[in-house]
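Scroll down for the structure; my scribbles are underneath it.
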Amino acid sequence: MKNRNVISGIISLALLMASSVSMAKTVFIASDVHPADYPTTAAVIHMGDKLSAQTDGRLSIKMFPSGQMGDEGATLEKARAGAIDILRVSMAPVGGILPEVSVFNMPFVFRDMDHLHHVLDGDVGTQLGQKITDSNLGLIFLGWMDAGSISLITKKPVKTLADLKGVKIRLQNNPIGLDAFKAMGANPVVLAVGDVFASLQTGVIDAAENNEPTFDTENYVVAGTQYFDRTEHFMIPEVLVFSKKKWAKLSSDDQALIAKLAKEAQAEERVLWAQYVEKSTNKLQQQGVQFIDVDKQPFVDATAPVREKYSQQFSSLMQAIQNTR
Ligand code: BDP
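Counted the way mature numbering (1 follows the signal peptide of the UniProt record, and there is no 0) counts, the sequence shown spans residues -24 to -1, 1 to 301.
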């Protein structure tokens, strides 16, 4: 009798636990180095709102913006370890640890934003996304996001290669980027984005390179830079990834819903991006930043050996990118 009571007690407890597990709410931890209103962050926050609405609050996303969870190197490691569930990160550090997807870090590979979009929306984008998922990174690829084109952010105007000679410039952690800047005669230094402001201000570095939105939100004008020299040397997309550990625990329906909402976030970010570039450009102009139209050809020529150096590794991808109309 006693035993039977114990057994039925255990069974009811197990049933209770099972039902509370199925009703349990899951909050996915998301991270971005950018502030909450930045296009990438805003798109993921909106994705979370939709996820929550479509699952009656069973699944939701809690965004930690502005680098609260660390810089990109740190958050990438946390996502790989499963301590961050959803991460928006630049392909620069991703390519730094997974060289086979580093083709997007090559200098002057895209003709313009339309070309980049066609590449991301076509076979190359699908292939590289799949490579991320299939790699040992421990991440599931969910989508691409725009980061525009990257130009020089300097204290003195740069119009020619001679103006860039010996300039101490901050770069993200990616060997191709470093090679490109050495080939252009600069003196590149790897720093986390959060350290750039102080390094510019104290003169540890002379320059940075980025898109208009990050120039604006990171306040580089206040740190002493006044020129945006439009070399547009890189067009490095961002990526949205999910921790593989957490993903494996989700039902296939939930996985499909998250994948679908991520695609919507990708599309939404593109729209937000274009608006934000305009807004940042206006603000930078009001702050006195001079936008310099640079003759790009000498910069393209100077980086030819870098494209050559990596051409064996990326030959078919580079060809596919070039052939994309
Ligand atoms: C921004 C990217 C961000 C990078 C940052 C950087 O959106 O992911 O961390 O540049 O330069 O454009 O580190």
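Backbone N, C-alpha and C define an ideal beta-carbon position, used for all residues, glycine too.
query	result
Alpha-carbon spacing of D88 relative to Q251, whole angstroms	17 Å
Reference S7; option with closest CA among E214, T51 and Q148	T51
C-beta contact flag for D205 and V270 at 9 Å	yes
Exposed unless 16 or more other CB atoms sit within 10 angstroms - verdict on S256	buried
M(-24) classed as buried or exposed, judged by whether at least 16 other C-beta atoms fall within 10 angstroms	Annotation note: pLDDT 44 at M(-24) (below 50); position unreliable, no value reported.
Contact test: S127 Cβ vs the ligand BDP heavy atom, cutoff 8 Å	no
Option nearest D277 by Cα separation, candidates L167, Q202, L176 and M160	M160
Identified DSSP bridge partners for L35	T2
Rounded C-alpha distance that separates V39 from H10	It is Met, not Val, that sits at residue 39 in the sequence shown. So the alpha carbons of these two residues sit roughly 11 Å apart.
Contact set for S28: own chain, Cβ-Cβ below 6 Å, skip 5 residues either direction	S36
Complete runs of the alpha helix (DSSP H) confined to the region 14 to 88 [at least 4 residues]	15 to 30, 48 to 57 and 67 to 73
For E208 and K272, the rounded distance between their alpha carbons	8 Å
Assigned secondary structure, K221 (DSSP; H/G/I helix, E/B strand, else coil)	helix
For M294, the three-state DSSP class (helix, strand or coil)	helix
Sufficient close CB pairs (3 or more, under 8 Å) joining the region 213 to 228 to the region 114 to 122	yes
N150 CB to nearest heavy atom of the ligand BDP below 8 Å	no
Rounded Cβ spacing between P69 and V282 (contact assumed at less than 8 Å)	Going by Cβ atoms, the distance from P69 to V282 rounds to 19 Å, so no, they are not a contact pair.
Boundaries of the alpha helix (DSSP H) in which Y252 is found, first to last residue	S228 to Q262
Contact set for E240: own chain, Cβ-Cβ below 8 Å, skip 5 residues either direction	M23 and K26
Distance between L113 and G71 (C-alpha atoms, nearest Å)	11 Å
Counterpart residues of A184 in DSSP-defined beta bridges	I129
Residue interval of the beta strand (DSSP E) (run including D269)	Q266 to D269
Residue range of the unbroken alpha helix (DSSP H) whose run includes G153	P151 to A159
Supposed contact pair A(-1) and S219 - C-beta distance, whole angstroms, cut 8 Å	Their Cβ separation, rounded to whole angstroms, is 18 Å, which puts S219 and A(-1) out of contact at 8 Å.
N258: CB within 8 Å of a non-hydrogen atom of the ligand BDP	no
Pairwise C-alpha distance: K107 and N163	32 Å
Sequence-distant residues of the same chain with beta carbon closer than 8 Å to V253, five excluded per side	G124, N187, E188 and P189
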